[in-house]
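So the sequences go chain by chain: A and B. For the first sequence, the positions run 1 to 242 when the working numbering is used. For the second sequence, the positions run 243 to 458 when the working numbering is used. For glycine and all other residues, C-beta sits at the position ideal for the given N, C-alpha and C.
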Amino acid sequence: MPSTFIRVLVAIGGFIVGVLLVLSGFYLYPFPHVSRTARVMPDFGAGKDVEVYALDGHLDRPGTTVSITQGSETPFAPQPSGVQLLSEPAIHGGLALITRLRDERGEIVGIATELESVHEDSRLLTGKLMTHTTWTVVLPGHGGLFLYQVEDNWWLATRIVGPALLTGRPWRGQWRNLNTLGPLPNGHGRIVAATGDYAERRGTFVETAEMREFTPTGKMDFTMELRLALEPSMDPNSTSAP
Amino acid sequence: MRDSPTQLFAATLLTLWTSVASSQDQLAEYSNPEPGEKVLAFYSKMPEQAVAVTHSGHVGLGFFPADIPKFTEPGIRTGLIANLKLADANGQVIGFASELELFPYASPADADDVRWNTGWALAIAGRGMIFLEQIEHSGGLGPKVIQPTRASGKDWVGDWKITTTVGPLPNGRGRIIGGTGEFAGIGGSFVELDRLTRFTVDGNMDVELELRLFTK
Numbered sequence: 001m002p003s004t005f006i007r008v009l010v011a012i013g014g015f016i017v018g019v020l021l022v023l024s025g026f027y028l029y030p031f032p033h034v035s036r037t038a039r040v041m042p043d044f045g046a047g048k049d050v051e052v053y054a055l056d057g058h059l060d061r062p063g064t065t066v067s068i069t070q071g072s073e074t075p076f077a078p079q080p081s082g083v084q085l086l087s088e089p090a091i092h093g094g095l096a097l098i099t100r101l102r103d104e105r106g107e108i109v110g111i112a113t114e115l116e117s118v119h120e121d122s123r124l125l126t127g128k129l130m131t132h133t134t135w136t137v138v139l140p141g142h143g144g145l146f147l148y149q150v151e152d153n154w155w156l157a158t159r160i161v162g163p164a165l166l167t168g169r170p171w172r173g174q175w176r177n178l179n180t181l182g183p184l185p186n187g188h189g190r191i192v193a194a195t196g197d198y199a200e201r202r203g204t205f206v207e208t209a210e211m212r213e214f215t216p217t218g219k220m221d222f223t224m225e226l227r228l229a230l231e232p233s234m235d236p237n238s239t240s241a242p
Numbered sequence: 243m244r245d246s247p248t249q250l251f252a253a254t255l256l257t258l259w260t261s262v263a264s265s266q267d268q269l270a271e272y273s274n275p276e277p278g279e280k281v282l283a284f285y286s287k288m289p290e291q292a293v294a295v296t297h298s299g300h301v302g303l304g305f306f307p308a309d310i311p312k313f314t315e316p317g318i319r320t321g322l323i324a325n326l327k328l329a330d331a332n333g334q335v336i337g338f339a340s341e342l343e344l345f346p347y348a349s350p351a352d353a354d355d356v357r358w359n360t361g362w363a364l365a366i367a368g369r370g371m372i373f374l375e376q377i378e379h380s381g382g383l384g385p386k387v388i389q390p391t392r393a394s395g396k397d398w399v400g401d402w403k404i405t406t407t408v409g410p411l412p413n414g415r416g417r418i419i420g421g422t423g424e425f426a427g428i429g430g431s432f433v434e435l436d437r438l439t440r441f442t443v444d445g446n447m448d449v450e451l452e453l454r455l456f457t458k
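Here it is in structure tokens:
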């Protein structure tokens with residue numbers, strides 16, 4: 001008859017194996033939303049005016065990104081040195097980014113900020129690590145856009161950021177992803193308001209990303225794009241904001 | 243040696259005069275709620291609650307952090323972005339925000355009263371987001387504060403309250419243009435109120451900022 005010690009050992013071992021199996025299940029489970037890039041992107045912008053604005057960051061040279069900060073020093077390296085962290089309890093789960101934007105010719109044509117807050121419906125069980133994200137875009141001479149989307153970062157967290165932080169080794173590759181998950185039924189984000197040339201133009205948008213490297217210190221080689229799909233303007237009059 | 247009562251009186255008068263002279267309040271009447279309006283206010287203090295501030299240098303203000311990349315490219319050199327933390331009336335941080343400004347070519351550091359367009363995005367933790375647009379004016383910041391500071395080489399210290407909002411609504415207020423979460427469907431107007439108490443030689447400010455939203 002096994003001793004109490006062995007029984008306890010077996011129980012602990014069984015618990016650990018069970019946890020690992022559950023985590024592996026979540027890691028490997030093909031959550032439907034993870035494959036949305038292939039489903040959503042081919043039809044994006046069909047019949048619409050599509051505009052693309054890009055931002056980037058690099059390890060070996062400056063990118064368009066001006067500032068990134070969040071609640072702590074990880075997962076993304078705060079930049080520049082001395083930028084304030086969102087360290088207070090209420091905003092610890094937030095992220096704030098400032099960037100310049102390039103047009104499709106590579107010219108700097110605008111400035112923008114991205115603000116992210118943790119989405120209350122994020123669940124391990126559903127494979128969703130979501131944020132409420134707003135983009136505010138100013139394109140001097142053209143107008144401004146206030147954009148809102150729900151983002152999902154499950155793949156980014158489990159395949160790129162998590163492994164790099166856990167192993168202490170950089171992730172390298174070429175990962176292209178549609179970050180936007182909604183809130184619109186077709187999986188696009190919403191244009192909340194627009195001014196100047198964009199005033200009264202209905203449309204949607206998505207945020208896509210290409211990650212090429214992510215280091216354990218949170219530095220990245222990446223490109224992100226804001227893709228707008230706009231209906232033709234119905235009212236040439238514009239409001240006053242940028 | 244102790245001051246005489248006359249000297250003390252004169253010193254008090256001088257202090258009072260200095261205080262009045264430095265207090266150049268420009269608070270617009272439309273900064274107060276109309277009957278039936280509810281007020282929703284958010285506050286921020288700079289430099290304590292500044293997250294990051296950048297522009298091209300065109301506007302005569304400082305940068306935070308000092309080595310933040312600047313908007314030097316021709317297409318964006320009249321732009322400014324300030325990311326700030328937001329607090330409630332008790333000073334508790336409850337959110338964060340981005341202010342995006344697009345200035346004319348005339349700099350508020352040089353011209354008497356410059357007007358520019360501003361967009362705000364507010365992220366209020368656990369509640370939702372709010373989007374605002376306004377026209378702001380400098381109200382004489384250049385000649386009253388920036389130029390004397392540059393000329394003297396000394397920080398400006400005073401107490402100047404100003405409603406920076408001058409539109410685009412006919413009553414002078416800015417417009418609440420939308421929201422999400424708890425603020426979905428929000429509408430109404432708002433003003434930005436700034437209280438400037440220091441302007442340093444390198445362009446940094448001690449400012450208490452209030453975003454005062456008026457909803458029905």
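Taking a C-beta distance under 8 Å as the contact criterion, Met224/A and Glu213/A do not qualify as a contact pair. With a minimum length of 3 residues, the unbroken runs of beta strand (DSSP E) contained wholly in the region 278–365 of chain B fall at 280–288, 292–297, 321–329 and 335–344. Non-local beta-carbon contacts of Met220/A in its own chain, meaning distances under 6 Å to residues more than five positions away in sequence, involve Gly57 and Phe214 in chain order.
The beta strand (DSSP E) runs of length 3 or more contained entirely in the region 358–428 of chain B are, from start to end of the chain, 370–379, 398–405, 407–409 and 416–421. Contact annotation: the region 73–82 of chain A does not touch the region 340–351 of chain B, with fewer than three C-beta pairs closer than 8 Å. In terms of Cβ geometry, Val66/A and Ile98/A form a close pair [threshold 8 Å]. The C-beta distance from Lys312/B to Gly299/B rounds to 6 Å, short enough to meet the 8 Å contact threshold.
For the pair Ser24/A and His92/A, the Cα-to-Cα distance works out to about 28 Å. The contact set of Val109/A on chain B, defined by CB atoms closer than 9 Å, consists of Glu315, Gly317 and Ile318 in chain order.
The C-alpha of Glu120/A lies about 11 Å from the C-alpha of Val150/A.
Under a criterion of Cβ atoms nearer than 9 Å, no residue of chain A is adjacent to Val301/B; the nearest Cβ is some 14 Å distant. Across the structure, Val295/B and Ala199/A are spaced so that their CA atoms are roughly 27 Å apart.
Going by DSSP, Val109/A is part of the beta strand (DSSP E) stretching over Ile108 to Val118. For Gly71/A, not one C-beta of chain B is nearer than 8 Å to its own C-beta. Between Ile323/B and Ser81/A, the alpha-carbon positions lie close to 17 Å from each other. Within the region 321–337 of chain B, the residues whose Cβ lies closer than 8 Å to some Cβ of chain A are Gly321, Ile323, Asn325, Lys327, Gln334, Val335, Ile336 and Gly337, listed in chain order.
Under the three-state reduction of DSSP output, Leu9/A falls in the helix class.
Here Leu101/A is buried, its C-beta having at least 16 other C-beta atoms within 10 Å. Under the 8 Å Cβ criterion, the region 327–344 of chain B counts as touching the region 353–368 of chain B, having at least three qualifying pairs.
In the structure shown, Phe146/A falls within a strand segment according to DSSP collapsed to helix, strand and coil. Distance from the CA atom of Asp152/A to the CA atom of Arg202/A, rounded to whole angstroms, is 24 Å. Membership of Arg102/A in any alpha helix (DSSP H) is not indicated; the residue belongs instead to the beta strand (DSSP E) covering Leu95 to Arg102. In the same chain as Pro216/A, and ignoring 5 residues on each side of it, the C-beta atoms closer than 8 Å to its own belong to Ala164, Leu165, Thr167, Gly168, Arg169 and Pro170, in chain order. Here the C-alpha atom of Thr37/A lies approximately 39 Å from the C-alpha atom of Ser431/B.
Along the region 199–210 of chain A, there is no position whose C-beta sits under 7 Å from a C-beta of chain B. Between Ala353/B and chain A, the shortest Cβ-Cβ separation is not below 8 Å. C-alpha of Lys403/B to C-alpha of Glu452/B: approximately 11 Å in a straight line.
For a Cβ distance threshold of 7 Å, residue set Phe338, Ser340, Ala363 and Ala365 of chain B lies close to Leu115/A, ordered along the chain. Within the region 184–230 of chain A, no alpha helix (DSSP H) run of at least 4 residues lies entirely inside it. As the crow flies, the alpha-carbon of Gly421/B is around 29 Å from that of Asp448/B. Going by DSSP, Arg39/A is part of the alpha helix (DSSP H) stretching over Arg36 to Val40. Ala54/A has a beta carbon lying at 8 Å or more from every beta carbon in chain B. According to DSSP, residue pairing for Gly430/B in a beta bridge involves Ile418/B. For Gly162/A, the uninterrupted alpha helix (DSSP H) run begins and ends at Gly162 to Thr167, by DSSP.
With respect to the C-alpha of Asn179/A, the residue from Gly189/A, Thr113/A and Leu28/A having the closest C-alpha is Gly189/A.
Assigned with DSSP and collapsed to three states, Leu20/A falls in helix.
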